[in-house]
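For the sequence shown, this note's numbering assigns the number 0 to the initial residue and increments by one for each residue that follows.
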Amino acid sequence: MTGSNAPTNVQTVLNEHPFSGYQWVIFTLCFLIVLLDGFDTAAIGYIAPSLIAEWGVAKADLGPVLSAALFGLAGGAMSSGPLADRFGRKAVLVTSVLVFAIACLISGYAHDLHSLTAWRFVTGLGLGAAMPNAVTMMSEYCPDSRRSTITNAMFCGFPLGAAFGGFLAAWMIPHLGWRSVLHLGGIAPLVLVVLLVWLLPESVRYMVAKGYSADRIRKPLTRIAGAAVQHVQQFVMTENKVDVQGRSGIGVVLSKQYGVGTIMLWIAYFMGLVIFYALINWMPVLFKETGLDPKVATLVAALFPLGGVGAVFFGWLMDRFNADRIIAVGYVLTAASIWWIGQASANLGWLVASVFVAGTLMNTAQSSMPALAAAFYPTSGRATGVAWMLGVGRFGGIAGSFLVAELASRSLSFSQIFTVVAIPGLIAAAALVAKQATAPRLVMKKATTPKPAA
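This is the structure in C-alpha cells:
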C-alpha cells in the first residue's frame with residue numbers, strides 16, 4: 000500500500016477524533032497510578048495514632064517519619080521529570096510504581112521509627128516520580144479542548160486514594176493491625192506494574208519530539224483514529240508556546256520565557272501542600288485530642304481528601320475560562336473554610352461538614368495545579384515542568400508536617416492551629432494572580448518547526 004506523503008500533526012489527530020476506548024484505557028491506568036499514590040502517601044497519617052499507642056512515642060517523634068516520604072517525593076519528582084523528558088514517560092512510570100510498591104510493602108515489616116522512616120523515604124522516591132509522569136502522559140493523549148477536564152478527572156485518583164485509604168484503615172487497623180495498611184499499599188501497585196507494562200503506550204507527542212519512526216507513532220494513533228492514520232508516513236507536531244528549541248527540559252522550565260511563571264507555580268503548589276499535609280497528617284491526632292473516638296477521628300479526617308472529586312468541575316471551568324483565576328478563587332475559599340474547621344470542634348455535625356467543604360475546595364484547587372502546569376509548558380519541558388512543580392511543592396508538605404507539630408508544642412489552641420494553617424491558601428492565590436499577570440508576555444501563539452518522525 001502507498002503511504003501518504005502529507006505530514007500529519009499528532010495533536011490534530013487527537014483533537015479531531017472522539018475520545019476513544021484506547022484513551023480511556025490510558026486514563027484508567029494513569030488514574031490507578033495516582034489513586035495508589037494517594038493511598039500510600041496518606042497511609043502514614045492514618046496509622047500514626049496506632050504507632051503512638053504501640054511504640055509509646057510522642058507526637059513530636061513522628062515528625063521525621065511523617066515527613067520522610069515527602070523528602071523522597073521531592074527527590075523523586077525532581078529527578079524523574081528530566082529523566083522522562085530524555086528517556087520517555089512509560090519507562091519512568093513503570094519503574095517508579097515498582098519502587099514505591101516494593102518499598103511500601105517492606106515498610107510494613109518495620110519494627111522501629113528509624114527503619115520505618117528509611118523505608119518511607121524510599122517509598123516517597125517512587126511516589127514522587129510516578130505522579131508527575133502520569134499527569135504528563137495523560138495530558139499528551141488529550142484533545143486541547145478537554146485537556147484540563149480529563150487531566151483533573153484523572154488526578155482525582157490522588158484524593159480518592161487518600162480518602163478511601165482512611166476508610167479502609169479505619170476497618171483494617173482494628174481487625175488486621177496497622178501493618179496491613181502498608182502491606183496493601185505495596186501489593187496493589189505490584190499488580191498495577193504488570194498492567195502498565197502490558198497496556199500503557201509511550202506518549203505520541205514525546206515520540207514525535209524525539210524523532211521516533213512513523214511505524215511506532217502510528218501504532219497507538221491507529222487505536223485512536225483508525226484508518227485516518229493507517230498509511231501516514233510522516234508525523235509532525237506544533238506547539239502554541241514560546242520557541243525555546245534546543246534546550247533541555249530544565250533549560251525550558253528555567254528560561255526567561257517561562258521562569259516567572261515557573262516560580263509562581265512553585266509558590267502556589269508549595270503553599271497548597273503546606274495545608275494538605277498539615278491536615279492529612281495531623282487531623283486524626285488533633286480530632287482525637289478534642290475527645291473524639293480514634294475510629295471516628297480517622298473517619299472524619301478521611302472526608303478531607305474525599306472532596307477532591309470537585310476538580311472535574313474546575314477542569315471544565317479551566318477549559319473555558321482563565322485557569323489561573325479559577326484556581327486562585329479556589330485557594331481563597333480554601334483559606335476561609337479551613338479557618339472554619341477550627342471554630343467547629345464543639346459540634347460533630349459542624350465538624351464533619353466543615354472538613355468536607357474544606358477538603359472539596361482545597362483538593363479541587365490543588366488537584367487542578369498539575370493540569371495548569373502541563374498546559375503552561377511545551378512538550379520539550381512538560382514532564383520536567385510538572386515534576387519540578389510537584390517536587391518543590393513537596394517541601395511545602397514537609398513544612399506542613401512540622402508546622403502543626405511546632406504549633407502544638409507552643410500550646411496553641413485547636414482554633415488557632417487551623418487559623419495559621421489557613422494562611423498559605425491566600426499566598427497561593429496571590430502567586431497565581433501574579434502568574435496570570437505575566438502570562439500574556441510568556442505564552443505566545445507560535446508553532447515550532449514541524450519535526451518529521453520517519
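All residues carry an ideal CB built from backbone N, CA and C; glycine is no exception.
Since this is a predicted model, take the numbers as computed values, not measurements.
- For Trp-170 and Glu-53, the gap between their C-alpha atoms comes out near 17 Å.
- Counting only runs of at least 3 residues, the region 157-223 fully encloses no beta strand (DSSP E) element at all.
- A contact is defined here as three or more CB-CB pairs under 8 Å, and the region 267-277 meets this definition with respect to the region 384-396.
- In the DSSP assignment, Gly-71 falls within the unbroken alpha helix (DSSP H) covering 62-86.
- For the 8 Å CB-CB criterion, Ile-337 and Val-420 form a contact.
- In this chain, Leu-253 is not harboured by any alpha helix (DSSP H), its DSSP state being neither H nor E.
- Runs of the alpha helix (DSSP H) lying entirely within the region 334-392, each at least 4 residues long, are 347-375 in chain order.
- Rounded to whole angstroms, the Cβ separation of Val-12 and Val-228 is 6 Å, and the two are in contact under 8 Å.
- For Asn-14, the enclosing alpha helix (DSSP H) starts and ends at 9-15.
- DSSP places Val-56 in the coil class of the three-state scheme, outside both helix and strand.
- Of all alpha-carbon atoms in Gly-384, Ala-300 and Val-273, the one lying nearest the alpha-carbon of Ala-427 is that of Val-273.
- Annotation: Ser-19 is outside any alpha helix (DSSP H) and is labelled neither H nor E by DSSP.
- In the structure shown, Phe-312 adopts helical secondary structure according to DSSP, grouped into three states.
- Under a 10 Å Cβ-count criterion, Ala-345 is classified as exposed, with fewer than 16 other Cβ atoms of the shown protein chains found around its own Cβ.
- Between Ile-216 and Val-235, the gap from beta carbon to beta carbon reaches 8 Å or more.
- Counting C-beta pairs with one atom in each stretch, the region 129-145 and the region 71-89 have three or more that are closer than 8 Å, which means they touch.
- In the structure shown, Phe-401 adopts helical secondary structure according to DSSP, grouped into three states.
- The continuous alpha helix (DSSP H) containing Leu-124 extends over residues 112-138.
- Residue pairing by DSSP puts Phe-234 in a beta bridge opposite Thr-7.
- Contact between the region 23-43 and the region 149-166 is present, with at least three C-beta pairs closer than 8 Å.
- For the pair Pro-200 and Met-206, the Cα-to-Cα distance works out to about 10 Å.
- The C-alpha of Val-403 lies about 6 Å from the C-alpha of Ala-277.
- Distances from the alpha-carbon of Thr-363 to those of Leu-112, Gly-390 and Ser-147 put Ser-147 closest.
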